[in-house]
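Numbering (this note's numbering), first residue to last: 96 to 518.
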């Protein structure tokens, strides 16, 4: 049996953990630069005038009138809280598949069928006790059913955020109660195609002819059909696959025309992606740098460009990648524009222990692995970017994201730990 454990309104819940005064109050989390709403708790979702992904300036009056509390994105906090949830799950099973930052599949095959209901509730209660994060737990024989069971657990109040499909009766009840669009992996176009056949529920889909499913929805649709019929097709992933590409692109806090500031931001982003590259023990063959003005501006001149650089040999050296990225940035930069974003992407990744060197190119002196390892160790111990390249500069406040409503990083920064007054 497999459980899908999904955190409820994860970003907003992380904020509420450290703000007990916000329990049962509407809370939303904003995107980079406080641009739009990307997460909301159930109280905020209940206010139908607050649509997701709506620019904040368009609904500010609605938020104020309903006393909605807004937070800037605090990904450092969210990532650490996610780790704490995953660590708690490991107490229940040795096999955990971290599907996303706020949900995981967990192997429960070690438990007896009659124990599953109690185990599911224990998982939910233990996570809340350890982290303060509410979760939903769906348990079934297949991943697809577990995913749907999780949604059903949270949608029906009587389920108390837990639904265990340990009988044919429960499987049928779930599928009959779910629409085609509720099936994990069925998109809008396939939903229309299935409904045009007169099928309205997941139960109807599970009882369609498999030949039609294979023909119209390909092998992926057939796997879903089999999963809904209690035939496991999707295995648990023991180790996450290495990413095939790594990148980052954030809008500046304000529009920039100063090349020096743009160069510093680009250097900062290269350091970020290079660090992620080394964490998964990969090296990049290509690096892309792109630059853009604000596409939505009605009065700024528009310009965007990108350049892809193929390296002499794969590398994960921050120094080498920064050198190449800044050479590319200089080629695509044009004076006279107010830029809104610069980004960096690494492509054509290979394992760092399988780098093929060129016969005609000597190893670069700047790719000093001992130096890179020392810098990584220092930054891991003393904090991000404590040791950095000179090209990153020290003017981050002039180009960094706007985070007017960011909460403290309660769990990772000594100076931002939650304190309790003597009163």
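Here a beta-carbon is modelled for each residue, glycine too, at the ideal position from N, C-alpha and C.
Here the structure is a predicted model, which means the values were calculated and not measured.
Same chain, Cβ closer than 7 Å to residue i, five either side skipped, listed in chain order
i           : result
residue 447 : 376, 377, 378 and 411
residue 420 : 361, 365, 382, 384 and 439
residue 483 : 366
residue 288 : 311
residue 267 : 298
residue 286 : 275 and 276
residue 227 : 112
residue 211 : 96, 203, 234, 259 and 261
residue 343 : 364, 367, 368, 438 and 439
residue 103 : 229, 230, 231 and 249
residue 257 : 215, 216, 219, 232 and 248
Proximity test, residue i beta-carbon vs the ligand PLP heavy atom, cut-off 7 Å
i           : result
residue 351 : Ligands displayed in this structure: none; no statement on the ligand PLP is therefore possible.
Cβ-Cβ distance between residue i and residue j below 8 Å
i           : j           : result
residue 164 : residue 120 : yes
residue 192 : residue 96  : no
residue 208 : residue 261 : yes
residue 115 : residue 131 : no
residue 99  : residue 253 : no
residue 139 : residue 145 : yes
residue 190 : residue 270 : no
residue 443 : residue 380 : yes
residue 417 : residue 486 : yes
Through-space distance from residue j to residue i, alpha-carbon basis
i           : j           : result
residue 37  : residue 231 : With the chain running from 96 to 518 in the structure shown, residue 37 is simply not present.
residue 206 : residue 405 : 52 Å
residue 359 : residue 437 : 10 Å
residue 225 : residue 215 : 16 Å
residue 238 : residue 265 : 16 Å
residue 519 : residue 507 : In the structure displayed, the chain extends from 96 to 518; residue 519 sits before or after that span and is not available.
residue 294 : residue 241 : 22 Å
residue 374 : residue 292 : 48 Å
residue 474 : residue 174 : 18 Å
residue 307 : residue 395 : 53 Å
residue 317 : residue 300 : 11 Å
residue 340 : residue 370 : 13 Å
residue 283 : residue 290 : 11 Å
residue 345 : residue 492 : 14 Å
Other residues of its chain near residue i: CB distance less than 8 Å, five sequence neighbours each side excluded
i           : result
residue 428 : 354, 357 and 386
residue 142 : 121, 157, 161 and 163
residue 501 : 166, 167, 168 and 169
residue 125 : 131, 132, 133, 151, 165, 166, 167, 168 and 500
Residue environment, residue i, which counts as buried when at least 16 other CB atoms sit within 10 Å
i           : result
residue 222 : buried
residue 435 : buried
residue 415 : buried
residue 391 : exposed
residue 148 : exposed
residue 302 : exposed
residue 107 : buried
residue 566 : Beyond the ends of the chain as shown, which are 96 and 518, falls residue 566; an answer cannot be given.
residue 509 : exposed
residue 244 : buried
residue 422 : exposed
residue 188 : buried
Cβ shell of residue i (< 6 Å), same chain only, five flanking positions each side left out
i           : result
residue 321 : 328
residue 309 : 317
In chain order, which continuous runs of the alpha helix (DSSP H) of length 4 or greater are located wholly inside the region 324-375? 354-374
Length-filtered (3 minimum) beta strand (DSSP E) runs lying within the region 148-201: 164-166 and 191-195
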